[in-house]
Amino acid sequence: MWNKIAATTSSGDGAQWELPEFFDDISRFLADLIEDLGQEDLIFLLSVCVIVALLCMIAGLVGYVLQSTALGRIAKGQGAIKTISRLVWVPYARYYAIGKLGERCEARRAKHARVRGKPMVAICTPLSVLAAICAVASFVLIVLPLLLLLLIRLLNSDELPGILQIIAYVFAFAIFLFALVVEDGALLLIGLCFMLGILLLVASLALSLAARIPQYVCFAKILREYFEPPLCYVLTVLSVLLGAFPVALLIASFRNPVPAAAYQE
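Counting in our numbering, the sequence shown runs without a single skipped number right up to 266 at its last residue.
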C-alpha cells in the first residue's frame, strides 16, 4: 500500500517538495520497517502504547491522591488555615498550598521565610500545562500513524464489519490525497509524526521536571521538619531519584515535628 502511494507521488510533472535527507532517510526506514510488520504486530504495538499510557495515568493518579492526603495532614498538623488543606487537592491551585507550607517550615526555624506561594503558581502552572499538552500531542502523533497503518492493513480483511472497512478506506483515501500534494507524502507523514511525537515527549519530560524542581525544594523543607539530619537529606535524595515524595510525605504526616533543639546547625 505504502509503495503504491509513494509511486503515485513520485510521478507528478509539477514541482515537488523534496524532503531533507535526514528526514527522508528516517521516513523511508520507518516505512520499510512498518511494511514488514504484520497485522498482529501492529495490534501489539498499539496495545503496548495504550497500556503504557493507562499505567502512567493510574500511577499518576495514585501518587496525586497519596501526596494530597499527606500534604493535607501536614497542613492540619502545622495549624495552617483550612483553605491550605483543601487547596492541596485542587490541580494547579495546590502549588500555592505547597509554597505556603514551605514558607511555614522556614518560619518555624525562626528564619526569614521567602514568599513561595504565588511564585510557585506563576512558575509551575504554565510549565505543567505545557507538559500535559506536549504529552497528549506526543501520544496522538505516535499512536495515530500506527492506527492508520493498522486500518490500511485491514482493508484486505474480508472478516471486518462494514463500518470498519469504511473507516479504513476513509483514512487510506486521506493519506492518498496527502501523498498527491507533497512528494513522498505518505513517508513524510510517517516520519514527521513519529519524530515530532518523540520530540514532544522529550519536551514534556523536560517541562515536567522544570515544574517539579520548585516543588521538590518545598518538599525538602517539609521533610526537614519531621526527620533529623542526615535522614532528611537521604529521604530527599531518594524521593527525587525514585519519585517517592508522596510516600515520604505520607510517612512524615504521621510523625511529630523535630524538636527545636535539633534546628541548631
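Glycine residues also receive a C-beta, built at the ideal position from the N, C-alpha and C atoms.
Span separating the alpha-carbon of residue i from that of residue j
{"i": "G64", "j": "L201", "result": "23 Å"}
{"i": "I143", "j": "T237", "result": "35 Å"}
{"i": "I134", "j": "K77", "result": "34 Å"}
{"i": "S205", "j": "A94", "result": "20 Å"}
{"i": "V51", "j": "E41", "result": "15 Å"}
{"i": "Q216", "j": "C233", "result": "16 Å"}
{"i": "A16", "j": "L62", "result": "Caution applies to A16, whose pLDDT of 40 falls short of 50 and renders its modelled position unreliable; the model cannot decide the point."}
{"i": "I214", "j": "A54", "result": "24 Å"}
{"i": "A108", "j": "A211", "result": "26 Å"}
{"i": "T70", "j": "V171", "result": "48 Å"}
{"i": "P260", "j": "I44", "result": "58 Å"}
{"i": "I85", "j": "L224", "result": "18 Å"}
{"i": "I82", "j": "I75", "result": "12 Å"}
{"i": "Y97", "j": "R115", "result": "13 Å"}
{"i": "A221", "j": "V130", "result": "24 Å"}
{"i": "L147", "j": "L46", "result": "8 Å"}
{"i": "C194", "j": "A136", "result": "14 Å"}
{"i": "R351", "j": "P258", "result": "This structure cannot settle anything about residue 351, because the visible part of the chain is limited to 2 through 266."}
{"i": "S254", "j": "V203", "result": "34 Å"}
{"i": "R87", "j": "I167", "result": "50 Å"}
{"i": "M58", "j": "L239", "result": "22 Å"}
{"i": "A138", "j": "A249", "result": "32 Å"}
{"i": "P231", "j": "V66", "result": "28 Å"}
{"i": "L347", "j": "V235", "result": "Any answer about residue 347 is impossible in this case: the structure gives the chain only from 2 up to 266."}
Check: residue i C-beta below 7 Å from any heavy atom of the ligand COA
{"i": "L239", "result": "The ligand COA is not part of the structure shown, which contains no ligands of any sort."}
Buried or exposed by the 16-neighbour rule on C-beta atoms within 10 Å, applied to residue i
{"i": "G198", "result": "buried"}
{"i": "G229", "result": "Looking at the sequence itself, residue 229 is Glu, so the reference to Gly does not match. It counts as exposed."}
{"i": "V89", "result": "buried"}
{"i": "C106", "result": "buried"}
{"i": "L56", "result": "exposed"}
{"i": "A60", "result": "exposed"}
{"i": "L242", "result": "exposed"}
{"i": "L121", "result": "The displayed chain sequence assigns Met, not Leu, to residue 121. With 16 or more Cβ atoms within 10 Å of its Cβ, M121 is classed as buried."}
{"i": "E266", "result": "Residue confidence is low: E266 scores 49 on pLDDT, short of 50, so the model does not pin down where it sits. No coordinate-derived value is stated."}
{"i": "E19", "result": "Because the pLDDT at E19 is just 46, under 50, the model does not fix this residue reliably, and the value given afterwards should be weighed accordingly. Result: exposed."}
Residue of the options minimising C-alpha distance to residue i
{"i": "Q68", "options": "P247, N257, P258 and G100", "result": "P247"}
{"i": "C219", "options": "I59, R117 and F45", "result": "R117"}
{"i": "G73", "options": "V259, L251 and I59", "result": "L251"}
{"i": "A132", "options": "A207, V49 and A245", "result": "A207"}
{"i": "E104", "options": "L243, Q79 and S209", "result": "Q79"}
{"i": "S48", "options": "Y97, L145 and K119", "result": "L145"}
{"i": "I124", "options": "V141, L242, G100 and V203", "result": "G100"}
{"i": "R256", "options": "E226, L243 and G244", "result": "E226"}
{"i": "F140", "options": "S240, A245, P231 and M196", "result": "M196"}
{"i": "S209", "options": "V91, P120, G244 and V66", "result": "G244"}
{"i": "P127", "options": "L102, L239 and P92", "result": "P92"}
CB contact below 8 Å: residue i versus chain D
{"i": "Y65", "result": "This model lacks chain D altogether, as it is built from one protein chain only."}
Report the residue ranges of all alpha helix (DSSP H) runs contained in full by the segment 224-259; include only those spanning at least 4 residues, in chain order.
232-243 and 246-254
Just to confirm the assignment: which complete alpha helix (DSSP H) runs, minimum length 4, are found wholly within the segment 64-101?
83-88
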